[in-house]
Every structure is written in C-alpha cells, then in structure tokens.
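The sequence shown: position 534 = 535 (our numbering), numbered continuously.
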Amino acid sequence: MKRSRILALLVGGVFCVAVMSLYRMLELMQGSERDRQGGPAVGQVEEDLSRLQLKIDRLEHLLVDNNRLVARLRDSLLVRESQEGRRVSNVSSDSSHSRAGPPPGCQTAEEMKDGADGVQLLDVYDLLPFDNPDGGAWKQGFEITYNGDEWAEHPLELFLVPHSHNDPGWLKTFDGYFQDQTRHILDNMLVKLGEDSRRKMIWAEISYFSKWWSGIDEQKRELVKRLVKAGQLELVTGGWVMADEANSHYFALLDQLIEGHQWLQTHLGVKPSSGWAVDPFGHSPSMTYLLKGAGLSNMVIQRVHYSVKKHFARQQTLEFLWRQNWDSSSRSDITCHMMPFYSYDVPHTCGPNPSVCCQFDFHRLPGGRVFCPWKIPPQPITEQNIKERALLLLDQYRQKSRLFRSSVLLVPLGDDFRYVESKEWDAQFSNYQKLFDYFDQHPELHIKARFGTLSDYFAALHRRLSTTGKNLRTLRGDFFTYADRDDHYWSGYFTSRPFYKRLDRTLESTLRATEILYTLTLAEMRRYRGDGHLVEGFPEGEHYQRLTEARRNLGLFQHHDAVTGTARDPVVIDYGTRLFRSILNLRQVLLSSAHWLLLLDKSQYHKDQSKSFLEMSEVISAQDALPQKTILTLGDEPRSLVVFNPTEQLQTTVVNLVVDSPDARVVDAETGLPLAAQISAVWEEPSKVSSQAFQLSFVAELPPLSLVVYHVIKAPGRSVPWARYIIHRHGKPPTVQSEHFQMTRLEGDEANAPLSLRNKHLQIWSSPETGLLQKLRLQSGLVRQVKVQFLWYGTRTSGEKSGAYLFLPGVEGPQVYSPSEPPLVRVTRGPVFSEITSCFPHFTHTVRLYHLDGHAGKSLEISNTVDIRSESNKELVMRLISDVASGNRFYTDLNGFQMQQRRTLEKLPLQANFYPMTSSSFLQDSSSRLSLLSAQSQAVASLRSGELELVLDRRLQQDDNRGLGQGVTDNKLTASLYRLLLEDRKGGAKEVGGASVQHLSLLAHLASLSLSHPPIAMVAPGNGQLPKLRPFQPLRSSLPCDVHLLNLRTLEDQQEAGSPSQEAALLIHRKGFDCNSAPDPLPTCTWSEQEEVNLDNLFSPLQFRSLRRSGFTLLRDQDEPDSADQAAHVTALRPMEINAFRVQIA
C-alpha cells in the first residue's frame, strides 16, 4: 500500500511539473507573438498555440485520469483484501505487462480442428471443382439409388411440414401484403387446423402475426393458444422477420429476435425452439450463435451454393452441428438441417425430381391459377389411383432419405404466400391425408408419414440418432457467397440500395443511444423521487411507444428483401419512410431524456414538448435526403451545446458545428476554459465557398455515456485558428474566391510534388494529379504503399445481366475510372484536422487526418459522396492497392460480430470472390495489418494480393430474373464512411495455416466503435433564459477496452401493455482482440485475462438492485436461478461471448 501511495505521488508530481513547464512555454510564445506585430507567420503561430493549448488540456485530463487510476488501483486492492479466497477480479490492466508482449486477454490466431468428424467450409471450398454437370432429374445433383430394404429395421419416419413464407415487403409493401394475403392465410389457419387435430403448420414472421393478433377478438385468440398448446401451430425462429444474414449488423439481428420473442412471451406464453431460414440469400454463423443464445436448439436453412449442397448430400452431412469458428467447446453448437434441393417450394422438397414432386402440390390442380411448368399436373387422390400415386411419391421420399444419416425425413409443404384461400387448405390436407392413411394400411412399405412441425421432426431425429448410435458431424464456417445456378452468384445485393443500408445503421445507432439514455433517465427519476415512481409530467408511456415502433421498424428492415435492397421501388420508399420516421421519433425521446438529466434544479422540468428545450444540431429533411447541419446563429449570449457520448469508452473526438460567423469559439460550460478548435469553410460547390456559413470543429473529451455541456460564443476576430487551403487542378488551375480563408494555388515544381499530411502518429502522401492516397508511414517507421483507385464494372452484353441480386460483370472486367478532366483537389490544413478532398464528376472523396491522441488520431477517415444517377448499367468501386503480402487470403466480418477468413479462388468467377462486409475487413502479412472499418455494409473482394475493393453503388437497368421484375435505378446521393488503420504486427507474428481464426486488433475495435456510434450533438434555442445545466456522467470510468455495452433496453411492463417496466435488458459483448497488434501507447481503457468480473464495479457508481443472467432475448423461463455469485453480481465474461442480464438499476 505504501508503494502505491509513493508511486501515485511521484506520477502526480511529474504531471504537475510538466503542466507548469508547458504553461511557461505558452507565456513565452504569446510574448514572441506580440513582438512580431502580426507578420506573415501569425496564422502558423496561432496554429502552434492552439496545438500547445490542446496538449495542455490533454495533460490536465491525463492528470485527472491519473488520479482516477490511482483511486481504482487502491479500490482494487481493497476489494481483493475483502474478498480474499474468491476468484473475483475487477477487469484491469496488468501493471507488470511489458509493452513489447501481447496484451492480457488477447486471442492468439489458431486453427480450430474438430477431428475426423469436423467439417471446415473453407477446406470444402478448396476441395470442390465448382463444376456443374447435368445430374439428370436432379439437375444440380446426381442419380440417387436404393435397394428397397434400407428401411426394414428402422422405417422411414416422415414429417410433412405445411408452411407459408410471408415476405414483410417485396413486390408489395408490408401493409399491402397483409391486407391482400397474410390476414386471409391466418384467418383460414384458425378454421382449417381446428377441423382436424392431425393437421399442423409452422409460422415464422412475428411482424405479421402480431399485426393479425391485434385485429382478432378474444375468442379467436383463445383458439390460437389452444392450437399452439396442442402442438398444431408452431411459431418458429420467433424473430420479427426472417432476417438477412449478410448485410444486417448483429445488434439489429438480436434486437428483432428480442422484439419477436418478447411478443410471443407476453401474448402466447411460448418460446421458439427451432429456427426456419429458407429464403435469406446465404447463411452466417453469427445468426446461429444468436439463435442458440436465445434458447433455440435446432434450425433449418435452404439457400446454399448448389455445389456445396451436392457435396454435403454425397457425404450425408446435410445435417450437422454448426459450431462457431472461435469456440473450442461445444457450447455454441446448434443442430442444423440443410435442404438439399434448389428451392423451398413443393416441386423441390419432396425429392430430387421436381416434375414428380410438382404432381403432389395440390394447389396446382387443373383449373386453378398455378400450374406445373413440367406439364404434368397433379391428380386428386382417389381409390382408383391411390396405389400408383402413393408409390410414386414414396420413391421420391426414399431417394431424399438416402441423402441423410437417419431415416427420419423432413418434407416442407408450402411456398410464398400459400394457403390464402380455403380451397387450398382442403386440397392439400385432404389429399395428403389419404396418402398417409394408405401408407399406414400397408406396413410392408416401411413408412410412417404424418403432418408435423419442426419440433416434431427434430425430436424424432434426435431420438433416432440416439437409438442408432449415430452422431452428427460438426461444421465451422459460413455459407457465402450463394449461387443458385450456373455462375449466378448473389453478390450484387451486398451493395444494392446503399443509401438505405447507410440509413439502416443510422437508425440502429440512434436506437441504441436512445435506449440507453431513456433507461438511465427512468432510473435517475426513480432515484430522485426515492419512492420508485417516475417524475410527474415525463411522457414515459409515449416515449416507450416511440421506442417500440423504432425497434419494430428497424426489425422490419432486417427482412431479407429490405436491407438487401431487393424490393420494388414503392416498397423501398415505404421502408425508408419508416426508418426516417423512427429516427425523428427517437430524437424526441433522446432530447426529452437529456432535458431532464441535465437540469440542475429538477423542479424546473416542464413537459410541454412544443417548446423544445433542446434541438438536434443536424436535420434530415426527408427519407431520401442526407443529414444536414443546421446553422447556429450566434449573438451576445452564449449558445448551449450538449454532446452525448453513446459509447462505453472515454472518447477524445472532434465535434463539428455550422455557425453563422467565423468569429466563434467553444468553452467548457463548467470551467469556462476554451477548447482547441478550428474554423473551416463550408463548400457550396467544389470551388465555391459559402459566405454565410462556417464549420466550427472542436476537440471534446467525452466520458462514457455522458452528457457534456459546452457554450458556443461569438468571440473577437480569429480567437480560433482558421483552416488554410490549397486549391489545385492539374493542368487547369481553378479560381476560388473567399473573403475569409487563405486560398493558395500550387505552381511550378510544387504542382507535381506529392501532397502530404501528417500528425503525430502517421504521415500520408497523395497524388498531385488526383489527390488520391498513395503511401502511408507510421510513427514507428513502417511504410506501406496504399493507393486508392476508383473503377467501373459494367455488365454482360448478352444473356443474364446484373440486377438487384446478381453481380454478373462484363468480360472486360473492371475499368479504371477516367474522368474527362482532372479533379479539383482541395487540401485543408488546421490544428484540429487536415484533409485532402478530390472532386470527381460522380463522387467526392475525402481523406482526413485528426490531430488527436488516441485511436482517432491513428487512423485515416475516408468518406465518399457518390452520385451515379447519370450512368447506365455501371457499378462504382473503390480499390485499395497495398504492398501487404496477403496472398489470396483476407478477412471480412460477419454481421459486425466476428471475422471470417476468405480465400480468393481462381477457379471461381470474379463475382464469386465478393463477400459481404458489414463493418470491417483486413489484409495482413507477418509485419503489418491493414484494416478497413466501415459505417455501412457493402460488397468487398481481394482479387489480388494486397488489394481490397468495395462496391460503393450500382445502377442497373434490368431485372435479373429472380422475381423482382425491375432493375435498380432509384439511386440517391449516397454517403459512405470508413476508417483506414495500418498497424505493426509485433511479437514475431506468423501466419497460421488452414482456416485460422483471427480477430480485429484492440485499436480497430475502438475505432469501429466510434465510427458506428458517433457523438450526438444537441443545441439549446437561442431565445430566452436557460435554466442551469449540469453535465450527466453515469459511469466513473470507461468499461474495459474489450467489453462492449451492446444495449441497455427497458423491458415492457407485464401488467400494463405498452408501458415501461422497472426492468431492463443489459446486453454485454466481450470482444476477442488480436495479440499481435498491441497499441502503443496503450489506450486509457483497461483489460484483463480474468473472465470473472463484478458488474457493480464495472458500472460504478450505477448499482443494480437486482441482476439475473438470462437468455439473449430475456425470456423469463431462461432466467438463471439465484446463486451466491449472482447475488454479489459477479459473472463470467468470456471473450467473443454475449451475455444478457435482467436488471433493475437502484
């Protein structure tokens, strides 16, 4: 203890001396500035002074952090002394850790193997020839044979599972489908299942089911409950939608599962046990992890590459235990059934011959609107034909059964929007019941067939596997990129409608921020009142309804025809309007919550929402418009600015405002101290500067989950440094006029020299002709070529062409983007940030360097604003060309949750080597790693060693024959945002062979967090006297670097529907991070090898009145029973794992 105190005193003394020395330097420099009488170097001196002031501010903050660290070390020792003998440890950095070694708790790259019975999909891809020979009746497969006696000992046990796939939007809007089809399907379901207890059905989309439920009476609701209890109706997956698994972020995937499962628990008292994903265009293990964590044990998938299906069918591995790449145990295993054939419709589910199976789709009986394309129609089952019909069908069942390890067989019976009319129910159920009765009357056929649900099927499967002593093989990997036939790879939808993919993530980050602030507000109100009640006048019910609507609209957009960009134009507008409306509604909740939290005198709170206490600093005017900063009018009185940090980490970040005067500065509202800032131009056109608006950028230090108050004031001229500009166009110098900013043109040799920017962490060089990045050097001395290039892809001139789903590039391949004249290039230099902007006809590209400590200063910010509305059948690509020796391997994320190794294979067509990138991708060799972090999802490829390319937008004039019936021509002015991070790989990093499991670096995780969840700025109106505000800081310190607060979501009151309860879902994700990329210097957050943590200490000074571990979707029957550790709020957080808790905040 004495040593700790001495160390604290020494460190504090060093900091004090450093601060005093720098203050003295500041005085000397200010004196020298007065001596110069405003010579030509005044701007430079101002910049130096601003940087020095910034360093002093940082030192002051570091001194505060130092004191906090000493206090935490002292607390840690006290905790250890008081809890001696227990395996409890606060997460903290190891003080003895050498910076040269790997950080504690990191994940070493390793190849996961599961013995002879394990399947690694990457190895399968290497093995397969990906040819497509004609397989006969099963075109994409092979001829299946059997002897006939295979089922003598264990009869064929067949479950025919009726289903109706209801897209929540595609060719019609969600409401359009509901009115025209879905409500009739569910109305008929009640009647027809009630007529015969042997009839069964499964239903997946809770968005539709909940809408239908709200319109039926209590008598029908009781009938639904009886059907569910009897096992005739099973709710499968239980998500709000059948989600896309390529573009969706894991926050949204889990959120729509929570919404669906909570609805089922409240209204039906059931929880799903089996997943059903027959239409998403490829499948991700991130989804299986979420399903397993939500309590599901089994799942069914369909859209998998036809060559992979064929291989699995030959190996009898169509049913397997799907395991996470990173999991060395079987904890994450889930039983998965892969459908073997082309589609989930009736012709492709009874067996390998679609012309035969179609004859048993009794919805296609002659005289109806639907027919069999193979020209052999179904026949009603009669006494005269039943034997022939039954044996013909049995042959298909037997052939299909030979593809599986057990004699239990799943046969779906349905298609899109089936069972709308009463007569279809009668035709399907009555004819199949006759066939089943015939099978029962002929035991020599060795088949027991009946209608069933997924639960019926999987229960029988597990029984049979147990009886026969057979085991399912384990599988690791993902099922991208999907091809349904020939070279038709579905990699186009990874990018289609990129404007809405970006809007999706905007709503996601807004929802998470609002959920957290709303939950904290309710807890603070109850604490303030002291009696557990909320403050009178706060519209908690209305706000909860807004939150619920936003959850459901975000959930709806995760549908596999929504976020994918594969719906018709009017449907896209409907989705966009829902997203837009929810963002506006959430902002109301956010502003109202911040209002109450910030008031020093809570009695001054007023509920009159028409008199907004705070307003957002940026506005979105329409569902298809980019956000715009509002112009802040400055007067004699300070304008209050509130900034919310929605992350669990201390953030040193740059906040941007637009003001009406260049004579502005920002001060801390509590201390009155000015903050480091710069004034920059607002560009109305590439070479036209606004004379009415100015960008004010300042450095904010934001504690985790805090609301910080600043004042924006009109200040005497040039009290904040102004940015300086170089304007350049190669061979054609531009003319730019500005009365406020210094504009310089490059002339002579300067015009041909590389453009360069630098901060304390890195330096970049860009082309003088294009302004595009060419080279990057780290402070460590590592230099890498990193060239940015733009390209066009066209499509084929004949046959099938690219569309919303498919990417079918022309034989000419990518063509370098070559504008008719060189771009206008703007170089901005300032003390807060510097940037290079290139203005091309179809896009504006900016690379920005922040002059900051921490991760924000160590990465490059890359932004594009793209407009290809003038083009036809073109796709715009941004390519990074580096000298990282990555070979044919690169890594992309799956849903922002985990990284997946990719291998670029020459045997595959170009379009097959594109993969989904939700939030990150990286290349690496033994000495360096180049990571690209993204704020939106898109397609990515690495077609050659050291290269990464991303598809930014696609405009396609034709349908690609997958049912949509239109091209993609509703392009918008679209923004995309990235962080580029180059890192040394230390510790003798070596490549691991095979399908190695890799993780993002700690620095990449932190950069991705701030990219996905930027600070939210709010301003107080400039009219009238403001009440006294006090910053809100709920956490004493950041959470550990690798612990992410996924959500803090208020749960619905079980007694009062549509109202908030006192309980919240606390969702924590402990991320895995790479051992070979340790940041230097170390970040201010902490980490540890310890898995057990005390959540009260982690979230101090917040305290939990109750805390209980639960399943991911917070169903009550998944709550763990009380234990001593739970009572002490001690829990294990394993790397990569998500943990869910039902909590009440004291």
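Where a beta carbon is used, it is the ideal one built from N, C-alpha and C, also for glycine.
Bear in mind that the values here come from a model prediction, so they are computed numbers and not experimental data.
Work out the CA separation of residue j and residue i for me, nearest whole Å.
i	j	result
L697	P647	22 Å
A677	S1011	20 Å
P1082	G1023	42 Å
Q1104	R1117	22 Å
I765	Q790	16 Å
D868	I517	35 Å
V271	R904	42 Å
Q901	E801	30 Å
L1158	S921	With the chain represented from 2 up to 1147, any question about residue 1158 goes unanswered, as that position is not in the structure.
S1039	Q652	9 Å
L157	Q233	22 Å
R553	V737	48 Å
L236	W204	5 Å
L555	D505	7 Å
L911	A940	13 Å
L598	L1096	23 Å
R759	Y726	15 Å
K733	R746	11 Å
R419	V357	20 Å
Y345	M339	11 Å
F363	S431	10 Å
Y851	F834	4 Å
Can you list, in chain order, the residues of its chain with a C-beta nearer than 8 Å to that of residue i? Leave out the 5 residues immediately preceding and following it.
i	result
P1028	L600, L601, D602 and Q605
C337	T289, N299, M300, V301, I302, E320, F321, L322, W323 and L476
Q629	E619, V620, I621 and S622
S423	N189, V192 and K193
L269	V225, K226, V229 and L236
Excluding the 5 residues flanking residue i on each side, which residues of the same chain have their C-beta closer than 7 Å to its C-beta?
i	result
L255	L291 and F1113
A694	I632, V659, D661 and V683
Q842	Note on residue identity: the sequence assigns Pro, not Gln, to residue 842. So the qualifying residues of the chain are P820.
F179	Y209 and K212
Q1145	Q1063, E1064, F1105, R1106 and S1107
With a threshold of 8 Å between beta-carbons, can residue i be considered close to chain B, or not?
i	result
T350	Structure shown: chain B not included; a single protein chain is present.
Under the criterion of a Cβ to heavy atom distance below 7 Å, does residue i qualify as lining the ligand SAM?
i	result
F1074	This structure does not include the ligand SAM; it has no bound ligands of any sort.
Name, in chain order, the residues that DSSP records as bridge partners for residue i.
i	result
K776	W766 and Q786
L861	L981
G1061	In the sequence under discussion, the amino acid at residue 1061 is Pro, which differs from the Gly named in the question. Answer by DSSP bridge pairing, in chain order: E1053.
C373	Per DSSP, none; premise fails for C373.
Y726	M744 and T829
Y490	A484
Excluding the 5 residues preceding and the 5 following residue i in the sequence, name in chain order all residues of the same chain whose CB lies nearer than 6 Å to its CB.
i	result
P341	K310, A314, L319 and L404
F175	P169
Which whole-angstrom value is the C-beta distance of residue i and residue j, which I expect to be below 8 Å?
i	j	result
P1016	V656	6 Å
L809	T798	Contact doesn't hold; Cβ gap of about 11 Å is too wide.
L414	Q429	6 Å
S1002	D1075	5 Å
V998	S929	V998 to S929, Cβ: 20 Å. No contact.
L1089	P1041	Checking the sequence, you will find Ser at residue 1089 rather than Leu. Indeed they touch by this definition, with Cβ atoms about 7 Å apart.
Review point. Touch check for the region 151-162 and the region 439-450: three-plus C-beta pairs under 8 Å?
Key: Cβ pair count under 8 Å is three or more, so yes.
Point to revise | Cβ pair count under 8 Å reaching 3, the region 241-251 against the region 533-542 | key: Judged by Cβ distances under 8 Å, the region 241-251 makes no contact with the region 533-542, as fewer than three pairs qualify.
Check your understanding: Is it true that the region 496-505 meets the region 137-146, where meeting means three or more beta-carbon pairs spaced less than 8 Å apart?
Key -> Contact between the region 496-505 and the region 137-146 is absent, because fewer than three Cβ pairs lie under 8 Å.
Practice item. Indicate whether the contact test is met: 3 or more Cβ pairs, each with one atom in the region 1050-1062 and one in the region 618-632, closer than 8 Å. Key: Contact between the region 1050-1062 and the region 618-632 is absent, because fewer than three Cβ pairs lie under 8 Å.
Check your understanding: Do the region 900-915 and the region 856-868 touch if we need at least three Cβ pairs shorter than 8 Å?
Key -> Short answer: they don't touch.
Review point. For the region 1133-1147 against the region 1060-1070, are there 3 or more C-beta pairs whose distance is under 8 Å?
Key: At 8 Å Cβ cutoff, the stretches touch.
Check your understanding: Does the pairing of the region 745-754 with the region 704-722 give three or more beta-carbon distances under 8 Å?
Key -> No, because fewer than three Cβ pairs between the region 745-754 and the region 704-722 fall closer than 8 Å, the two stretches do not touch.
**Study point:** Sufficient close CB pairs (3 or more, under 8 Å) joining the region 944-955 to the region 871-888
**Key:** In short, these stretches touch, since the Cβ pair count reaches three.
Practice item. Could you tell me whether the region 770-781 touches the region 966-978, using the rule of 3 or more Cβ pairs below 8 Å? Key: No, the region 770-781 is not in contact with the region 966-978.
Check your understanding: Can you find at least 3 beta carbon pairs, one from the region 216-223 and one from the region 469-486, that sit closer than 8 Å?
Key -> The region 216-223 vs the region 469-486: no contact.
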